[in-house]
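Engineer: Before I ask anything, here is the structure I am working with.
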Amino acid sequence: MRHLQRPDWAPETIDVERPSVARMYDYYLGGSHNFAVDRATARAMVAVVPQAPLMAQANRAFLRRAVQFLTDAGIRQFLDIGSGIPTVGNVHEIAQRHAPDSRVVYVDVDPVAVAHSREILAGNDRTAVIQEDLRHPERILTHPDIRAMLDFSQPMAVLVVAVLHFVPDDDRPAEVLRTLRAALAPGSYLVLSQASDDGRGEAERAEAEEVYRRTDNPLWIRSRAELTGFFDGFELVEPGVVWVPQWRPETPESAEDAEQAVFLGGVGRLGG
Amino acid sequence: MGKPADGRPCAGVFARAWAKAVSGTSYLPMTHAQLEVLLQRLTDLLAEALRAEPLDLRVGHKVADELVAAHIVSAEALGRTVEVIQLRLVRDLDLVADDIEDRMARLLGAVATGYARALRDRTLDEQESIRRAAMTARAEAEQALRASEARFRHQATHDPLTDLPNRTLFAERLAAAVDASAGSGRRVGLCFLDLDRFKRVNDSFGHQIGDRALVAAARRLRRAVEPHLVARLGGDAFVVLVERSTGTGDVVAVAEAALAALSEPVVVDGHDVTVTASVGIVERRVAGTSPDDLMRAAGSTLHWAKSAGGAGWALYDAERDGREQARQELCAAIPAGLERGEFFLDYQPLTSLHDGSLLGVEALVRWRHPRLGVLRPDKFIGLAEETGLIVPLGGWVLAEACREAVGWTSTSGEPPYVSVNLAVRQVRRPGLVQEVRALLRRTGLPPNRLQLEITESTMMTTSEEPVRALRALADLGIRIAIDDFGTGYSNLAYLRDLPVTELKVAGEFVRGLRTPEARADERILASLVSLAHALDLTVTAEGVETGGQAERLRAIGCDAGQGWHFGRPASPDHILARIR
Numbered sequence: 001m002r003h004l005q006r007p008d009w010a011p012e013t014i015d016v017e018r019p020s021v022a023r024m025y026d027y028y029l030g031g032s033h034n035f036a037v038d039r040a041t042a043r044a045m046v047a048v049v050p051q052a053p054l055m056a057q058a059n060r061a062f063l064r065r066a067v068q069f070l071t072d073a074g075i076r077q078f079l080d081i082g083s084g085i086p087t088v089g090n091v092h093e094i095a096q097r098h099a100p101d102s103r104v105v106y107v108d109v110d111p112v113a114v115a116h117s118r119e120i121l122a123g124n125d126r127t128a129v130i131q132e133d134l135r136h137p138e139r140i141l142t143h144p145d146i147r148a149m150l151d152f153s154q155p156m157a158v159l160v161v162a163v164l165h166f167v168p169d170d171d172r173p174a175e176v177l178r179t180l181r182a183a184l185a186p187g188s189y190l191v192l193s194q195a196s197d198d199g200r201g202e203a204e205r206a207e208a209e210e211v212y213r214r215t216d217n218p219l220w221i222r223s224r225a226e227l228t229g230f231f232d233g234f235e236l237v238e239p240g241v242v243w244v245p246q247w248r249p250e251t252p253e254s255a256e257d258a259e260q261a262v263f264l265g266g267v268g269r270l271g272g
Numbered sequence: 273m274g275k276p277a278d279g280r281p282c283a284g285v286f287a288r289a290w291a292k293a294v295s296g297t298s299y300l301p302m303t304h305a306q307l308e309v310l311l312q313r314l315t316d317l318l319a320e321a322l323r324a325e326p327l328d329l330r331v332g333h334k335v336a337d338e339l340v341a342a343h344i345v346s347a348e349a350l351g352r353t354v355e356v357i358q359l360r361l362v363r364d365l366d367l368v369a370d371d372i373e374d375r376m377a378r379l380l381g382a383v384a385t386g387y388a389r390a391l392r393d394r395t396l397d398e399q400e401s402i403r404r405a406a407m408t409a410r411a412e413a414e415q416a417l418r419a420s421e422a423r424f425r426h427q428a429t430h431d432p433l434t435d436l437p438n439r440t441l442f443a444e445r446l447a448a449a450v451d452a453s454a455g456s457g458r459r460v461g462l463c464f465l466d467l468d469r470f471k472r473v474n475d476s477f478g479h480q481i482g483d484r485a486l487v488a489a490a491r492r493l494r495r496a497v498e499p500h501l502v503a504r505l506g507g508d509a510f511v512v513l514v515e516r517s518t519g520t521g522d523v524v525a526v527a528e529a530a531l532a533a534l535s536e537p538v539v540v541d542g543h544d545v546t547v548t549a550s551v552g553i554v555e556r557r558v559a560g561t562s563p564d565d566l567m568r569a570a571g572s573t574l575h576w577a578k579s580a581g582g583a584g585w586a587l588y589d590a591e592r593d594g595r596e597q598a599r600q601e602l603c604a605a606i607p608a609g610l611e612r613g614e615f616f617l618d619y620q621p622l623t624s625l626h627d628g629s630l631l632g633v634e635a636l637v638r639w640r641h642p643r644l645g646v647l648r649p650d651k652f653i654g655l656a657e658e659t660g661l662i663v664p665l666g667g668w669v670l671a672e673a674c675r676e677a678v679g680w681t682s683t684s685g686e687p688p689y690v691s692v693n694l695a696v697r698q699v700r701r702p703g704l705v706q707e708v709r710a711l712l713r714r715t716g717l718p719p720n721r722l723q724l725e726i727t728e729s730t731m732m733t734t735s736e737e738p739v740r741a742l743r744a745l746a747d748l749g750i751r752i753a754i755d756d757f758g759t760g761y762s763n764l765a766y767l768r769d770l771p772v773t774e775l776k777v778a779g780e781f782v783r784g785l786r787t788p789e790a791r792a793d794e795r796i797l798a799s800l801v802s803l804a805h806a807l808d809l810t811v812t813a814e815g816v817e818t819g820g821q822a823e824r825l826r827a828i829g830c831d832a833g834q835g836w837h838f839g840r841p842a843s844p845d846h847i848l849a850r851i852r
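Take a look at the structure:
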């Protein structure tokens, strides 16, 4: 990938003429934190996968329910990797509404998303934002801002929601997750969701991948078995890895047509 | 669902229908139940407004504001909201009023207006906020770029091991120092510093420790010579730039501070690493000098400090440098001189002490330099030997001597042999034997009329090659003489092993014969002669200047003599005249 070839000391360029997956996601959710190029690319995606906005909303709702679940389970520390544009319904909003002492660190590789997050979170001293790449978990884990905000001797939740489909196998996502797991205290949680083609046509997948090739983050679709494999070392909480609307739905009808959801998700707990 | 006590029937039914209508139009950051609670409250507001007198359109705006604030933010959401209110609100809530349709139309208009306004504001706010974030990110990226450029500049101008300025930065600063103040009478100084025998540190402790010792040395140097610029030129060579010097003393003080800082041993990994250094010091007026001049002078001076044994400094000496430079230049001109035929040979007689006949002549090279006139070998042979130019030069001498000697015919007996000096490098060169054989064949000179003079040091080698080469030459019938015998190691072993035919005894011993009391020299000479004769070698005494010396040598039994007494080096014509 482009930014992996860049030497460490060379700064990245900010090119708002390139679509950003974070801002496209914001557009799907109904936000206006996006530029013309993001909207054009998102609309191209909708032309291929008309339910894309609904999928994004379903995924966001999954995040909300998962954070709610974790807050209920007593978790007070959250590490959200690939947090994107902090539009409505952020992790800290959900968590701090129920448990004001919750601490949240947002991590994203997109410098605009990070700058925006900093602006939104200014004044909230229980949150921090850092710019880092999921593919360098060791840098995330040793980042001073994270170390200052989160206590790794206590359980925490690591959220990698709607991100893994931007990490190709060559970048060893399983190894990344293992590295993160090794840093966690027992009783910690891992929340994952990612685009999947389980039971879906080859053509649709190919077209969706084609659209995302215009961005810095091409799409990498995975099966349910692959996503389940990413929970290695964690015990999946009920109902396991499912289409995101099926994960602890608030009402039975909200889980209907779940297989249209495209995103598979699940929550795992680190035993011990 | 029953009617609540306040008489508002089935508001819950309406709110649920409304919630269903707007869900999915955008992401709603709340549970469905929370959405219903919100919409229930808004329903109550709307119902109250429809009943109240006068109709308060601000309620419509407020409802719209709350919808947008709750992120119900799409055109679809507005359309469906208008639709569901128009279709169901009056019916579901059993609202009764004379002008209900009129009131409803006006209230819906207010909702739509308020919604459009609130959504537009929210959209603009979000656009502004993302735009600002992009600008911030870009500013940060540009700052990072500048920082990385500064870092890149640092990397390009500093040595990665010691973090001292490197050659590039030093050259810049030196050029600036010489340039900025040229002609102003300002002075500048350089200390060119090199660690003595640092290779040994690497060899005995390994490069890692060597590197760390270098880092430690660099740190000390920097501290010792502050505020002057110290740069690492590479390897174990450093240079200190003393700008605005007031005189030699300033720069000497800097050199001494540097040497003192380095004199303490460095402990690296438990090893005591001791290094000393040599410093070449140049200090002069800026006017009329250049960075290249300064560096070259400092380099030569460092060389002097080194050859004086190291662990100290040397000060630039223009006269000495001039002499050395002249020698270097002379040496560099040898190849061109050969090509232009500027070299020629003189010959000095080797005379029999028994009958005064001319046995042979020693070929001595001369250089008719276009500018310096005729130069004797002591002016250029030393450097030619150092630089290896002796090989082509010596080859030319050998060939020329053979070419000239072959034409000498004697009316009375054997014409004299020609004796040519062979330098160590020539003897060690593979192919010497073939070269000489080809030369004899080409010129037609009989082998017994060629003598090759080698020095003792030629034999001070562990290699078998030179010995084998000399045997092969001797086997051809060529005479082999040891030149300057008695001044070197005088190792007698090779006299046994080598096909030597003659010893040339150094002039030192002969000079002693001038004074009657110098009995030791005479005894040494006598012993040498009897030793040589016992080994079947002839002896030629060099440096014979007087008849008295010649007489004594003859009495001792010496075979031949060479020196002013018998004839100075002269042109081949003189030799020819003598043998006719």
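Protein chains in written order, with the numbering used here: chain G, 1 to 272; chain H, 273 to 852.
Backbone N, C-alpha and C fix where the C-beta goes; we use that ideal spot for every residue, glycine too.
Quantities reported herein were computed from a predicted structural model and do not represent experimental measurements.
To be precise: take each residue of the stretch 156 to 169 of chain G, compare its Cβ to all Cβ atoms of chain H, and keep it if any distance is under 7 Å. Which residues remain?
Structural biologist: Answer in chain order: no residues at all.
Engineer: Quick one: Cα of H:Phe-464 to Cα of H:Asp-650, how far?
Structural biologist: The count along the second sequence starts at 1 and reaches residue 464 of chain H at position 192. The count along the second sequence starts at 1 and reaches residue 650 of chain H at position 378. One C-alpha to the other measures close to 31 Å.
Engineer: Just verifying my parser: in three-state terms, what is the DSSP assignment at H:Asp-475?
Structural biologist: As a position in the second sequence, residue 475 of chain H is number 203, starting the count at 1. H:Asp-475 falls in the helix class under three-state DSSP.
Engineer: Anything in chain H within Cβ reach of G:Leu-70, meaning under 8 Å, just list it in chain order.
Structural biologist: Position 70 of the first sequence, counted from the start, is the residue given in the question as residue 70 of chain G. Here the premise fails: no neighbours, minimum Cβ distance about 16 Å.
Engineer: Under a Cβ-count criterion, where at least 16 other Cβ atoms within 10 Å of its own Cβ denotes burial, should H:Glu-774 be classed as buried or exposed?
Structural biologist: Counting from one through the second sequence, the residue named residue 774 of chain H turns up at place 502. Counting Cβ neighbours within 10 Å, H:Glu-774 comes out buried, since at least 16 surround it.
Engineer: Flag this pair as touching only if the stretch 641 to 659 of chain H and the stretch 672 to 690 of chain H have three or more C-beta atom pairs under 8 Å; answer yes or no.
Structural biologist: Verdict: no, contact absent.
Engineer: In the DSSP assignment, what are the bridge partners of H:Trp-639?
Structural biologist: To locate residue 639 of chain H, count along the second sequence from 1; it is residue 367. Answer by DSSP bridge pairing, in chain order: H:Phe-615 and H:Leu-647.
Engineer: Check whether the Cβ atoms of H:Ala-583 and H:Ser-624 sit closer than 8 Å, and answer yes or no.
Structural biologist: By 1-based counting over the second sequence, the position of residue 583 of chain H is 311. By 1-based counting over the second sequence, the position of residue 624 of chain H is 352. No, they are not a contact pair.
Engineer: So the candidates are H:Trp-680, H:Ala-336, H:Asp-393 and H:Ala-604; which of them puts its Cα closest to the Cα of H:Val-383?
Structural biologist: Here residue 383 of chain H corresponds to residue number 111 of the second sequence, with the count starting at 1. Here the closest residue by C-alpha is H:Ala-336.
Engineer: Just the chain H side, please: which residues come within less than 9 Å of G:Asn-34 by C-beta, in chain order?
Structural biologist: Start at 1 with the first residue of the first sequence, and residue 34 of chain G comes out as number 34. Residues of chain H passing the Cβ test: Glu-398, Gln-399 and Ile-402.
Engineer: Give the straight-line distance between the Cα atoms of H:Ile-372 and H:Lys-334, rounded to the nearest whole angstrom.
Structural biologist: Counting from 1 along the second sequence, the entry for residue 372 of chain H is found at position 100. Counting from 1 along the second sequence, the entry for residue 334 of chain H is found at position 62. Answer to the nearest angstrom: the Cα atoms are 20 Å apart.
Engineer: Between G:Leu-63 and chain H, is there a C-beta pair that is closer than 8 Å?
Structural biologist: The sequence position of residue 63 of chain G within the first sequence is 63, counting from 1. Answer no: the Cβ-Cβ gap between G:Leu-63 and chain H never drops below 8 Å.
Engineer: On a Cα-Cα basis, can you pick out the residue from H:Leu-329, H:Val-782, H:Ile-828 and H:Glu-780 that is closest to H:Leu-803?
Structural biologist: Position 531 of the second sequence, counted from the start, is the residue given in the question as residue 803 of chain H. Here the closest residue by C-alpha is H:Ile-828.
Engineer: Report yes if the C-beta distance between H:Val-811 and H:Phe-838 is below 8 Å; otherwise report no.
Structural biologist: As a working note, residue 811 of chain H is residue 539 in the second sequence. As a working note, residue 838 of chain H is residue 566 in the second sequence. No, these two residues do not count as a Cβ contact at 8 Å.
Engineer: What does G:Glu-273 reach in chain H if we use C-beta pairs closer than 9 Å?
Structural biologist: Lying before the first or after the last residue shown, residue 273 of chain G is absent from chain G, which here runs from 1 to 272.
Engineer: How big is the Cα-Cα spacing for G:Leu-270 and G:Val-112?
Structural biologist: Locating residue 270 of chain G in the first sequence gives position 270, counting from the first residue. Locating residue 112 of chain G in the first sequence gives position 112, counting from the first residue. Looking at the two C-alpha atoms, the distance is approximately 33 Å.
Engineer: Cβ of H:Tyr-299 less than 8 Å from any chain G Cβ?
Structural biologist: Locating residue 299 of chain H in the second sequence gives position 27, where the first residue counts as 1. Yes, its Cβ sits closer than 8 Å to a Cβ of chain G.
Engineer: Any C-beta of chain G within less than 7 Å: which residues of the stretch 343 to 369 of chain H qualify?
Structural biologist: Result list: His-343, Val-345 and Ser-346.
Engineer: Give a yes or no on whether the minimum CB-CB distance between G:Pro-111 and chain H is below 8 Å.
Structural biologist: For the purposes of this step, residue 111 of chain G is taken as the residue at position 111 of the first sequence. Output row for G:Pro-111: interface = yes.
Engineer: Pairs of beta-carbons, one from the stretch 124 to 136 of chain G and one from the stretch 52 to 63 of chain G, closer than 8 Å: are there three or more?
Structural biologist: Counting Cβ pairs under 8 Å, fewer than three are found: no touch.
Engineer: With three or more beta-carbon pairs closer than 8 Å as the criterion, would you say the stretch 551 to 558 of chain H touches the stretch 506 to 524 of chain H?
Structural biologist: Short answer: they touch.
Engineer: Give me the DSSP bridge partner(s) of G:Tyr-189.
Structural biologist: By 1-based counting over the first sequence, the position of residue 189 of chain G is 189. G:Ala-157 and G:Arg-269, per the DSSP bridge assignment.
Engineer: Alpha carbon to alpha carbon, what distance is there between G:Gln-131 and G:Asp-170?
Structural biologist: As a position in the first sequence, residue 170 of chain G is number 170, starting the count at 1. As a position in the first sequence, residue 131 of chain G is number 131, starting the count at 1. The straight-line gap from Cα to Cα measures roughly 22 Å.
Engineer: Tell me where the beta strand (DSSP E) around H:Leu-513 begins and ends.
Structural biologist: Reading the second sequence from its first residue, position 241 is the one you call residue 513 of chain H. Its beta strand (DSSP E) spans residues 509 to 517.
Engineer: So, G:Leu-227 versus G:Val-242, is the Cβ gap smaller than 8 Å?
Structural biologist: In the first sequence, residue 227 of chain G corresponds to position 227, counting from 1. In the first sequence, residue 242 of chain G corresponds to position 242, counting from 1. Going by C-beta atoms, G:Leu-227 is not nearer than 8 Å to G:Val-242.
Engineer: Alpha carbon to alpha carbon, what distance is there between G:Gly-84 and G:Pro-239?
Structural biologist: The residue given as residue 239 of chain G occupies position 239 in the first sequence. The residue given as residue 84 of chain G occupies position 84 in the first sequence. If I take the Cα positions, the gap works out to 27 Å.
Engineer: Please return the same chain residues whose Cβ sits closer than 7 Å to the Cβ of H:Phe-477, not counting the five positions on each side in sequence.
Structural biologist: Taking the second sequence and counting its residues from 1, the one referred to as residue 477 of chain H is at position 205. Counting only Cβ-Cβ distances below 7 Å, and skipping sequence neighbours, we find His-543 and Val-545.
Engineer: Please check the pair G:Val-161 and G:Ser-193, which I expect to be a contact at CB under 8 Å, by giving their CB distance rounded to whole angstroms.
Structural biologist: Working through the first sequence from its first residue, we reach residue 161 of chain G at position 161. Working through the first sequence from its first residue, we reach residue 193 of chain G at position 193. That belief holds up - the Cβ atoms of G:Val-161 and G:Ser-193 are roughly 5 Å apart, short of 8 Å.
Engineer: Please report whether the beta-carbon of H:Val-285 lies at a distance below 8 Å from any beta-carbon of chain G.
Structural biologist: In the second sequence, residue 285 of chain H corresponds to position 13, counting from 1. So no, H:Val-285 is outside the interface.
Engineer: Quick one: give me the first and last residue of the alpha helix (DSSP H) that H:Tyr-387 is part of.
Structural biologist: Walking along the second sequence from the start, residue 387 of chain H turns up at place 115. Taken as a continuous stretch (DSSP letters only), the alpha helix (DSSP H) holding H:Tyr-387 covers 372 to 429.
Engineer: Could you tell me which chain G residues have their CB closer than 9 Å to the CB of H:Glu-498, listed as they occur along the chain?
Structural biologist: In the second sequence, counting from the first residue as 1, residue 498 of chain H sits at position 226. Here the premise fails: no neighbours, minimum Cβ distance about 29 Å.
Engineer: DSSP on G:Trp-220, reduced to helix/strand/coil?
Structural biologist: Here residue 220 of chain G is taken as the residue at index 220 of the first sequence, counted from 1. DSSP places G:Trp-220 in coil when its eight states are reduced to three.
Engineer: Using the beta-carbon of each residue, which ones in chain H are nearer than 8 Å to G:Val-262?
Structural biologist: Within the first sequence, numbered from 1, the residue matching residue 262 of chain G stands at position 262. Correct list: empty, because the minimum Cβ distance to chain H is about 15 Å.
Engineer: So with Cβ pairs under 8 Å, would you call G:Arg-172 a contact of chain H?
Structural biologist: In the first sequence, counting from the first residue as 1, residue 172 of chain G sits at position 172. Cβ-Cβ to chain H under 8 Å: no for G:Arg-172.
Engineer: Suppose you measure from the CA of H:Asp-316 to the CA of H:Trp-290; what does that come to, to the nearest Å?
Structural biologist: Working through the second sequence from its first residue, we reach residue 316 of chain H at position 44. Working through the second sequence from its first residue, we reach residue 290 of chain H at position 18. The alpha-carbon atoms of H:Asp-316 and H:Trp-290 are separated by roughly 13 Å.
Engineer: Please look up how many angstroms separate the CB atoms of G:Val-244 and G:Phe-78, rounded, as I've assumed it's under 8 Å.
Structural biologist: Residue mapping note: residue 244 of chain G aligns to position 244 of the first sequence, counting from 1. Residue mapping note: residue 78 of chain G aligns to position 78 of the first sequence, counting from 1. The Cβ separation is near 18 Å, so there is no contact.
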